[in-house]
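Report on one structure; see the data block that follows.
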Amino acid sequence: MKHDQALLNRVWCQVLLEELCRFGVQQVCVAPGSRSTPLTLEADANPKLHLHTHFDERGLGYLALGLAKASGRPVAIIVTSGTAVANLLPAVAEAGLTSEKLVLLTADRPVELVDCGANQAIRQVGIFASHVCAELDLPSPNTSIGLPWLLTSVDQVMHRQAVAGHAVHINCPFPEPLYSDGEKALYAEYLAPIASWLRSEQVYSAQSLHLHNTLPIGEAWWQKKGLVVIGSLPLADAQAALAFAKQLGWPVLCDVQSGVTSEWSGYDIWLQNPKASAQLAQAELVVQFGSRLVSKRWNQWLPTQISSQCTYWYISPQLERNNPAHLPQRHFVASAQQWQCQALSEWHCHSPHAGWADELKWYSQQSQWVAEKIAKQPISELSLACQLGQWATSATLFLGNSLFVRLADMVARLDGRAVFTNRGASGIDGLFATAAGVQRTQQQPLLMILGDTSALYDLNSLALFAHNPLPAVLVVVNNDGGAIFDLLPVPAQQRQSLYQMPHGFGFEFAARQFALAYAQPQNLTQCGQMIEQHLASGQGTLLVEVKTAPLEASNDVKALCRAVAEL
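When you line the sequence shown up against this note's numbering, it's residues 2 to 568, in that order.
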């Protein structure tokens, strides 16, 4: 049989990508490169796949993260060899902590060109270490290896991802030539053993997995004084957890990432009040839905509470440990919707302690009142956070890391909206790119709020918003550096030079460079009007720069916490 290496490379990629489609991949993120040509051209040729492109692999990884975060489906990433692969690591590390499913398809030089001084060749195998749940180092395509082997090998990796979540790495070494005008009919005989698979729509080798949960049937747990905590969750799950708490009349503490609120909001503030903290300590059962809570006070309070008199349940469909304080914990592997459905349909439980923590609602009300009183400046970070729940209520919300997400968790009241963050590794990189991926999946107006240092870190990802068919508002809160360090006990003498690192930059010309609209409001009312008007306009991206004094937010937070602690 006549041999055409470029065609054979593409046959392998055709089979690989078709199998990924059957595992749920619908979107592929592609960076430019020659070595990745077989993957790129076959992805483009597959009508089941929608391609997204970006010139920067680091941003591309975060774009894929956002797509996966919003869709719940695996998303493939195609990059060329060399440092292009290494640039995916930050997004892969985040996905490893928050369970987004990324499929990394990294083109490589064939093995004989690695570790010998060949151009653009690094050791790619194992480069993501423990940050991926499975990896597959393919051989270079050759006809001595049958396509059934390729399929079962890919299936093994994808089945592991189906259980564990996270990213998987498939390394693809392609020998040259990489380009051919030939026809794949040349390899019809080679494709024959998988002909029935090609005609079907099923994965080549399937697995059936059933997780059996030891649900608390027969236990009188509902007769206890319970406390429900809702962390980072999809909105539908957060609403199910909220309904579960309301059914029992238990207090419910809602993290800002949940997108829901309760009459006990602002707990990060009022937990600093000794009387309020002591009353909440009457809880005999803590039921936590979701993970990655922002509140430092909650993470300090929980270890002091869990004991023989107070048990701790964690409900999550992910198998991974989420127990940073290493407490005695019972993990139920289920979604909040599954849990709430059983609570309503089978347990028919009514707590005799319904309303046991209703007095704490007063502390929540006082915290909000004090916050609004302190936030009286024309525009400040605290006033933005207080107002957040009133703006663009139908838009998807993406919150950056560092200071603002903490302010929002303290004072914002979000009543049923989709909220997205990168709170796994909580890095300040890749936030624009992740938000772009979220919006492309959601197909909804987007409101994003992040800090100036985060914006500078991911500036070239503004290109992903340059030709946006949907309306997006990117609010950059510019306090000239890392203002969060004002809340930490860093050495005063080095606070500016080694921690805050003031830069003195504005963002007007960054917006112009990427053809984005720009605005700089002078007060809170003007800011809200700009956001609402642009999101109602129907398309395009507006960058709103809110300039605040460096010490203002930290001083406001300290005053707020001090006032509520003294109630």
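From the three backbone atoms N, C-alpha and C, an ideal C-beta is built for every residue, glycine too.
Below 8 Å on the Cβ atoms is my contact criterion, and I expect Leu568 with Asn274 to pass it. Report the Cβ-Cβ distance as a whole number of Å. Residue mapping note: residue 568 aligns to position 567 of the sequence shown, counting from 1. Residue mapping note: residue 274 aligns to position 273 of the sequence shown, counting from 1. Correct: roughly 6 Å between the Cβ atoms.
Look at Pro75 and Val26 and say whether their C-beta atoms are less than 8 Å apart. Translated into positions along the sequence shown, residue 75 becomes position 74. Translated into positions along the sequence shown, residue 26 becomes position 25. Judged by their CB atoms, Pro75 and Val26 are nearer to each other than the 8 Å cut-off.
Inter-residue CB distance, Pro503 and Gln497 (contact presumed, cutoff 8 Å): On the sequence shown, residue 503 is found 502 positions in, with the first residue counted as 1. On the sequence shown, residue 497 is found 496 positions in, with the first residue counted as 1. Contact between Pro503 and Gln497 holds: their C-beta atoms lie close to 6 Å from each other, under 8 Å.
Of the choices His4, Gly291, Phe486, whose alpha-carbon is the least far from that of Asn145? Numbered from its first residue, the sequence shown carries residue 145 at position 144. With the sequence shown as reference, residue 145 is identified as Ser, and Asn is not the correct amino acid for it. Per the Cα distances, His4.
Run the CB neighbour count on Gly267, radius 10 Å, all protein chains shown included, and call it buried at 16 or more, exposed below. Working through the sequence shown from its first residue, we reach residue 267 at position 266. Under this definition Gly267 is a buried residue.
Delimiting residues of the beta strand (DSSP E) encompassing Trp314: Position 313 of the sequence shown, counted from the start, is the residue given in the question as residue 314. Going by DSSP, Trp314 is part of the beta strand (DSSP E) stretching over 312-317.
Between Ala518, Phe486, Asp430, Ile485, which lies nearest to Phe466 when the distance is taken from Cα to Cα? Counting from 1 along the sequence shown, the entry for residue 466 is found at position 465. Distances from the CA of Phe466 to each of Ala518, Phe486, Asp430, Ile485 were compared; the closest alpha carbon is that of Ala518.
Would a C-beta distance cut-off of 8 Å place Met555 and Asp487 closer than the cut-off? Numbered from its first residue, the sequence shown carries residue 555 at position 554. Numbered from its first residue, the sequence shown carries residue 487 at position 486. Sequence check: residue 555 is Ser here, not Met. In contact: Ser555 and Asp487 (Cβ atoms closer than 8 Å).
Going by alpha carbons, who is nearest to Gln367 out of Gly417, Leu272, Ser35, Arg418? Taking the sequence shown and counting its residues from 1, the one referred to as residue 367 is at position 366. Minimum Cα distance to Gln367 is reached at Leu272.
Whole angstroms are fine: how far does the CA of Gly227 sit from the CA of Leu447? Within the sequence shown, the letter at position 446 stands for residue 447. Within the sequence shown, the letter at position 226 stands for residue 227. Cα-Cα distance, rounded: 36 Å.
Kindly give me the distance between the Cβ atoms of Val406 and Val257, rounded to whole angstroms, as I take these residues to be in contact under 8 Å. Translated into positions along the sequence shown, residue 406 becomes position 405. Translated into positions along the sequence shown, residue 257 becomes position 256. That pair is a contact at about 7 Å.
C-beta atoms of Ile270 and Cys562 nearer than 8 Å: As a position in the sequence shown, residue 270 is number 269, starting the count at 1. As a position in the sequence shown, residue 562 is number 561, starting the count at 1. At the C-beta level, Ile270 and Cys562 come within 8 Å of one another.
CA-CA distance, Leu249 and Asn88? As a working mapping, residue 249 is identified with position 248 in the sequence shown. As a working mapping, residue 88 is identified with position 87 in the sequence shown. Approximately 48 Å between the Cα atoms of the pair.
My output table needs one value for Pro472: the three-state DSSP class, helix, strand or coil. Residue numbering aside, residue 472 sits at position 471 when the sequence shown is read from its first letter. The answer is strand: DSSP assigns Pro472 an E or B state.
Tell me whether Asp410 is buried or exposed, calling it buried when 16 or more other Cβ atoms sit within 10 Å of its Cβ. By 1-based counting over the sequence shown, the position of residue 410 is 409. Classification of Asp410: buried, given that the 10 Å Cβ count is 16 or more.
Have a look at Gly579 and Ala46 and give me their C-alpha separation to the nearest angstrom. The question about residue 579 has no answer here: the residues shown for the chain are numbered 2 through 568.
Taking the CB atoms as reference points, tell me whether Leu361 and Trp299 lie closer together than 8 Å. As a working note, residue 361 is residue 360 in the sequence shown. As a working note, residue 299 is residue 298 in the sequence shown. Going by beta carbons, Leu361 and Trp299 fall outside the 8 Å limit.
Are the beta-carbon atoms belonging to Pro379 and Gly482 less than 8 Å from one another? The residue given as residue 379 occupies position 378 in the sequence shown. The residue given as residue 482 occupies position 481 in the sequence shown. Inclusion of Pro379 and Gly482 in the CB contact set at 8 Å is not warranted, their separation being larger than that value.
Gln514 versus Ala436: straight-line alpha-carbon distance, rounded: The residue given as residue 514 occupies position 513 in the sequence shown. The residue given as residue 436 occupies position 435 in the sequence shown. Answer to the nearest angstrom: the Cα atoms are 19 Å apart.
Between the Cα of Phe399 and those of Asp138, Gly67, Leu61, spot the shortest distance and give me the residue it belongs to. Within the sequence shown, residue 399 is the residue found at index 398, counting from 1. Ranking the options by Cα distance to Phe399, first place goes to Gly67.
Taking Cβ to Cβ, would you say Trp223 is nearer than 8 Å to Ser308? As a first step, residue 223 must be located in the sequence shown, where it is residue number 222. As a first step, residue 308 must be located in the sequence shown, where it is residue number 307. Taking the C-beta atoms as reference points, Ser308 is found no nearer than 8 Å to Trp223.
Under a three-way DSSP split, which group does Pro174 fall into? Looking up residue 174 in the sequence shown gives position 173. Pro174: strand per DSSP, three-state reduction.
Check the C-beta distance from Ala108 over to Gly34 and give it rounded, since I have them as a contact under 8 Å. The sequence position of residue 108 within the sequence shown is 107, counting from 1. The sequence position of residue 34 within the sequence shown is 33, counting from 1. About 7 Å separates the Cβ atoms of Ala108 and Gly34, confirming a contact at the 8 Å cut-off.
Where does the unbroken alpha helix (DSSP H) through Met411 begin, and where does it stop? On the sequence shown, residue 411 is found 410 positions in, with the first residue counted as 1. Met411 -> alpha helix (DSSP H) spans 404-412.
What are the boundary residues of the alpha helix (DSSP H) that includes Glu43? For the purposes of this step, residue 43 is taken as the residue at position 42 of the sequence shown. Where Glu43 is concerned, the enclosing alpha helix (DSSP H) starts and stops at 38-46.
Thinking just about the alpha-carbon of each residue, which of Glu58, Tyr364, Ala7 is nearest to the one in Ala32? Position 31 of the sequence shown, counted from the start, is the residue given in the question as residue 32. Closest by alpha carbon: Glu58.
Could you compute how far the alpha carbon of Ser292 sits from the alpha carbon of Leu234? Your numbering for residue 292 matches position 291 in the sequence shown. Your numbering for residue 234 matches position 233 in the sequence shown. Ser292 and Leu234: Cα-Cα distance of roughly 8 Å.
His354, DSSP secondary structure in three states: Position 353 of the sequence shown, counted from the first residue, corresponds to residue 354. Residue state, collapsed to three classes: coil.
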